[in-house]
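Just so you know, the sequences run in chain order A and B.
Residues 20 to 326 (the numbering used here) make up the first sequence, in order.
Residues 517 to 789 (the numbering used here) make up the second sequence, in order.
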Amino acid sequence: MRIVAEHLSYTYNPKSPFATRALDDVNLTIEEGEFFGIIGHTGSGKSTFVQHLNGLIRLPASKKRHPKPPKAKRGQPALPMPKLQVGEFDLASKKTDFRALRKRVGMVFQYPEYQLFAETVEDDVAYGLKNFAEKKLTPEETEAAVRAALEIVGLDYNQVAEMSPFDLSGGQKRRVAIAGVIVTRPEVLILDEPAAGLDPLGKQEVMALLHRLHREWCKTVIIVSHDMDEIAENCTRAAVFSEGRAVCCMPPKELFKRAEELIGLGLDVPLTAKLCAALKRRGIEVDCDFTVGDFVNKVIALKGGQA
Amino acid sequence: MNALELRNVKFSYGENAFAIENLNFAVKEGEFVAVLGHNGSGKSTLARLANGLLEADGGEIFVLGMPLEQKNLYEVRKNVGVVFQNPDNQAVASLVEDDVAFGAENVGLPREEIGARIDFALKAVGMEKERHATISRLSGGQKQRVAIAGVLALKPKIMILDESTAMLDPRGRREIIDVVLRLNKEEHITVILITHFMEEALLCGRAVVMNRGEIVMEGAPAEIFERHEELLTYNLALPRIGQICKGLREGGIAVEDTLDIEKLAEEIARCVS
Numbered sequence: 020m021r022i023v024a025e026h027l028s029y030t031y032n033p034k035s036p037f038a039t040r041a042l043d044d045v046n047l048t049i050e051e052g053e054f055f056g057i058i059g060h061t062g063s064g065k066s067t068f069v070q071h072l073n074g075l076i077r078l079p080a081s082k083k084r085h086p087k088p089p090k091a092k093r094g095q096p097a098l099p100m101p102k103l104q105v106g107e108f109d110l111a112s113k114k115t116d117f118r119a120l121r122k123r124v125g126m127v128f129q130y131p132e133y134q135l136f137a138e139t140v141e142d143d144v145a146y147g148l149k150n151f152a153e154k155k156l157t158p159e160e161t162e163a164a165v166r167a168a169l170e171i172v173g174l175d176y177n178q179v180a181e182m183s184p185f186d187l188s189g190g191q192k193r194r195v196a197i198a199g200v201i202v203t204r205p206e207v208l209i210l211d212e213p214a215a216g217l218d219p220l221g222k223q224e225v226m227a228l229l230h231r232l233h234r235e236w237c238k239t240v241i242i243v244s245h246d247m248d249e250i251a252e253n254c255t256r257a258a259v260f261s262e263g264r265a266v267c268c269m270p271p272k273e274l275f276k277r278a279e280e281l282i283g284l285g286l287d288v289p290l291t292a293k294l295c296a297a298l299k300r301r302g303i304e305v306d307c308d309f310t311v312g313d314f315v316n317k318v319i320a321l322k323g324g325q326a
Numbered sequence: 517m518n519a520l521e522l523r524n525v526k527f528s529y530g531e532n533a534f535a536i537e538n539l540n541f542a543v544k545e546g547e548f549v550a551v552l553g554h555n556g557s558g559k560s561t562l563a564r565l566a567n568g569l570l571e572a573d574g575g576e577i578f579v580l581g582m583p584l585e586q587k588n589l590y591e592v593r594k595n596v597g598v599v600f601q602n603p604d605n606q607a608v609a610s611l612v613e614d615d616v617a618f619g620a621e622n623v624g625l626p627r628e629e630i631g632a633r634i635d636f637a638l639k640a641v642g643m644e645k646e647r648h649a650t651i652s653r654l655s656g657g658q659k660q661r662v663a664i665a666g667v668l669a670l671k672p673k674i675m676i677l678d679e680s681t682a683m684l685d686p687r688g689r690r691e692i693i694d695v696v697l698r699l700n701k702e703e704h705i706t707v708i709l710i711t712h713f714m715e716e717a718l719l720c721g722r723a724v725v726m727n728r729g730e731i732v733m734e735g736a737p738a739e740i741f742e743r744h745e746e747l748l749t750y751n752l753a754l755p756r757i758g759q760i761c762k763g764l765r766e767g768g769i770a771v772e773d774t775l776d777i778e779k780l781a782e783e784i785a786r787c788v789s
């Protein structure tokens, strides 16, 4: 499913003293099959944006029969109608089947393990499956789906299915929570800070899991992250949010060449980008894609070229 | 004097559950110590033992020279403040001021003194302006600073931050670290910082690594991070810069292990030219 957002704007608590503009004319396209990154600091609008993608936040137009374009400020040209297309779903339309959309666009929130609630791992993972099912599932069908979901996230069904999710370790809980979302086989999987709060090894495991899901399970994976190294190592493209706008969107290889701009926006850059800058000041150009592996290879090649 | 000392401490969460067999750990007064270790290595258990939230099954714990026992539990807790991980579930009141006052009210301080303590604590964390704000409307970093202020209002000698920065964004993390560094320097509060972030550990005077409920490495943080192979055996991933050093050496570029970007750039420049 291709995602196309045009002129997307959103204000929390409109017409009140607490009104805050969270999105301001966002234009962004995410192609099917991408491993897409969204970066930006707190309050930049990135969470508000991803919550639009499965209709958790609805476009105002989708609630009205005869939607009108947003009002322009006095003396300024009229604003165009916001549009959001996710695959065949038009999220600006009142007729959209949001239930069908949510089944196909899975959302994993920050710290998803805090949302576990059922008595057993099996019940917890099956919850979304049962609620999204078009007809009542047989126990065998449910078990097969739960088994497959647990196995792809790296847990042994026979071992954990009957356990309480609260008796698992932190990393296992997070896997169960992810299994509970992917069990409906969504085509697009969105994760808000999937590796936050884990130790470095746990982070590596979660990222490896997301790549496995991307290969075998969900066509498109979108992650929101503060960790620039994570973006450089994993994403096909990344969008930078700042003050409610998507200020740029490109592959990490090009994005992190603009290190100074990012620092200007109050964002960090990957370690490799800092090293490239430090080497440049010493007259050495390293043209890498900002992953650790590529940086190391390019530096080694540099030595080989001179020897 | 030692601010905190654990001698041969034993603890278990129950049969077949995580257990500490024999933990020995001491922190001097005024020290700033980082505690590292993978998830489940016993770091949080250490924090909870130190202020009596958990009771040890054996061994001795001393706080400022006092043995930690049932009868002086409240005295100990006044001196050992703990800030936890989640900014959203530590507040007990809805307004900043009320939340900071909560601990001080509970130990029965006179009204004027509570007012003075709130002033002091909010100033120390740089939140005077938000005194009358609603906590739920603050950012994560601000919420954690309110939690720190609540602890500070009791004027503790020791502060333990149990991954208090883990759920914050880079800016919020910086805010918290700046505050505790200042408290350590200006108010001479002993700080024990439990963290996964190498950058934070590097700011501490000393670092220890925990594994299976024991202290397995100890020393200056930079020194510990340079012992790459050893860190790997304790299930701690190499910091990224360590991975780069290792990769370069394997490719025949003899750089020295370092954690400093400029120094590594210097090393690379020396080796390739």
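Using N, Cα and C, we set each Cβ at its ideal position, and we do this for glycine too.
Here the structure is a predicted model, which is why all the values come from computation and not from measurement.
Neighbourhood of residue i by C-beta distance below 6 angstroms, restricted to the same chain and skipping five residues each side
{"i": "residue 60 of chain A", "result": "285"}
{"i": "residue 562 of chain B", "result": "none"}
{"i": "residue 49 of chain A", "result": "22 and 55"}
{"i": "residue 38 of chain A", "result": "30 and 32"}
Presumed contact (8 angstroms Cβ cut-off) between residue i and residue j, rounded CB distance
{"i": "residue 208 of chain A", "j": "residue 240 of chain A", "result": "5 angstroms"}
{"i": "residue 123 of chain A", "j": "residue 206 of chain A", "result": "5 angstroms"}
{"i": "residue 741 of chain B", "j": "residue 758 of chain B", "result": "7 angstroms"}
{"i": "residue 251 of chain A", "j": "residue 291 of chain A", "result": "7 angstroms"}
{"i": "residue 641 of chain B", "j": "residue 695 of chain B", "result": "5 angstroms"}
{"i": "residue 569 of chain B", "j": "residue 541 of chain B", "result": "The pair is not a contact, with the Cβ atoms about 16 angstroms apart (cut-off 8 angstroms)."}
{"i": "residue 580 of chain B", "j": "residue 595 of chain B", "result": "6 angstroms"}
{"i": "residue 113 of chain A", "j": "residue 83 of chain A", "result": "7 angstroms"}
{"i": "residue 667 of chain B", "j": "residue 597 of chain B", "result": "3 angstroms"}
{"i": "residue 226 of chain A", "j": "residue 288 of chain A", "result": "The pair is not a contact, with the Cβ atoms about 19 angstroms apart (cut-off 8 angstroms)."}
DSSP-derived helix/strand/coil call for residue i
{"i": "residue 326 of chain A", "result": "Confidence in residue 326 of chain A is poor, its pLDDT being 47 and thus under 50, which makes the residue's placement unreliable; the coordinate value appears in the next sentence. Correct three-state label for residue 326 of chain A: coil."}
{"i": "residue 31 of chain A", "result": "strand"}
{"i": "residue 261 of chain A", "result": "strand"}
{"i": "residue 102 of chain A", "result": "strand"}
{"i": "residue 267 of chain A", "result": "strand"}
{"i": "residue 319 of chain A", "result": "helix"}
{"i": "residue 46 of chain A", "result": "strand"}
{"i": "residue 775 of chain B", "result": "coil"}
{"i": "residue 56 of chain A", "result": "strand"}
{"i": "residue 713 of chain B", "result": "coil"}
{"i": "residue 125 of chain A", "result": "strand"}
{"i": "residue 256 of chain A", "result": "strand"}
{"i": "residue 285 of chain A", "result": "coil"}
{"i": "residue 650 of chain B", "result": "strand"}
{"i": "residue 583 of chain B", "result": "strand"}
{"i": "residue 25 of chain A", "result": "strand"}
{"i": "residue 209 of chain A", "result": "strand"}
{"i": "residue 135 of chain A", "result": "coil"}
Span of the alpha helix (DSSP H), counted from its first residue to its last, around residue i
{"i": "residue 252 of chain A", "result": "247 to 253"}
{"i": "residue 177 of chain A", "result": "176 to 179"}
{"i": "residue 561 of chain B", "result": "559 to 566"}
{"i": "residue 226 of chain A", "result": "219 to 235"}
{"i": "residue 528 of chain B", "result": "Taken as a continuous stretch (DSSP letters only), residue 528 of chain B belongs to no alpha helix (DSSP H), being part of the beta strand (DSSP E) at 518 to 528."}
{"i": "residue 677 of chain B", "result": "Residue 677 of chain B -> not in any alpha helix (DSSP H); beta strand (DSSP E) instead, spanning 674 to 678."}
{"i": "residue 156 of chain A", "result": "No alpha helix (DSSP H) holds residue 156 of chain A; DSSP gives it neither H nor E."}
{"i": "residue 731 of chain B", "result": "Here residue 731 of chain B belongs to no alpha helix (DSSP H); instead the beta strand (DSSP E) covers 730 to 735."}
Neighbourhood of residue i by C-beta, 8 angstroms cutoff - its chain only, sequence neighbours within 5 removed
{"i": "residue 326 of chain A", "result": "Caution is warranted here: a pLDDT of 47 is assigned to residue 326 of chain A, below 50, making its placement in the model unreliable, and no coordinate value can be reported."}
{"i": "residue 269 of chain A", "result": "256 and 257"}
Close Cβ partners of residue i (< 7 angstroms) along its chain, the five nearest in sequence each way excluded
{"i": "residue 40 of chain A", "result": "30 and 263"}
{"i": "residue 151 of chain A", "result": "122 and 203"}
Residue interval of the beta strand (DSSP E) (run including residue i)
{"i": "residue 727 of chain B", "result": "722 to 727"}
{"i": "residue 542 of chain B", "result": "535 to 544"}
{"i": "residue 242 of chain A", "result": "239 to 243"}
{"i": "residue 575 of chain B", "result": "574 to 579"}
{"i": "residue 770 of chain B", "result": "Unbroken run through residue 770 of chain B: none, as it is neither H nor E."}
Check: For the stretch 214 to 226 of chain A, which residues have a CB atom closer than 9 angstroms to at least one CB atom of chain B, in sequence order?
Finding: Correct list: 215, 216, 217, 218, 219, 220, 221, 222 and 223.
Check: Along the stretch 288 to 306 of chain A, what residues have a CB closer than 7 angstroms to any CB found in chain B?
Finding: 290, 293, 294, 297, 298, 301 and 303
Notebook entry, point to check: What residues from the stretch 190 to 213 of chain A come within 8 angstroms of chain B, judged by C-beta to C-beta, listed N to C?
Noted result: Of all residues in the stretch 190 to 213 of chain A, 190 have a Cβ within less than 8 angstroms of some Cβ in chain B.
Item checked: Contact list for the stretch 650 to 661 of chain B against chain A, Cβ threshold 9 angstroms -> 653, 655, 656 and 657
Item checked: Contact residues within the stretch 678 to 695 of chain B, judged by C-beta distance below 8 angstroms to chain A -> Against chain A - using a Cβ distance shorter than 8 angstroms - the residues of the stretch 678 to 695 of chain B are 679, 682, 683, 685, 686, 687 and 688.
Check: the stretch 607 to 637 of chain B: which residues have C-beta closer than 7 angstroms to a C-beta of chain A, in chain order?
Finding: none
Notebook entry, point to check: Which residues, in order along the stretch 545 to 558 of chain B, keep a beta-carbon less than 7 angstroms from a beta-carbon of chain A?
Noted result: 554, 555 and 556
Check: What residues in the stretch 758 to 789 of chain B bring their beta carbon closer than 8 angstroms to a beta carbon of chain A?
Finding: 759, 760, 763, 764, 767, 768, 769, 777, 778, 780, 781, 782, 784, 785, 787, 788 and 789
Note to self: Beta carbons nearer than 7 angstroms to chain A: which residues of the stretch 721 to 752 of chain B have them?
What the structure shows: 751 and 752
Next item on the list: Select from the stretch 126 to 153 of chain A all residues with a C-beta closer than 9 angstroms to any C-beta belonging to chain B, and list them in chain order.
Entry: Here the close residues are 129, 130 and 133.
Check: Any residues in the stretch 58 to 80 of chain A with a beta carbon nearer than 9 angstroms to a beta carbon of chain B? Which ones, in chain order?
Finding: 60, 61 and 62
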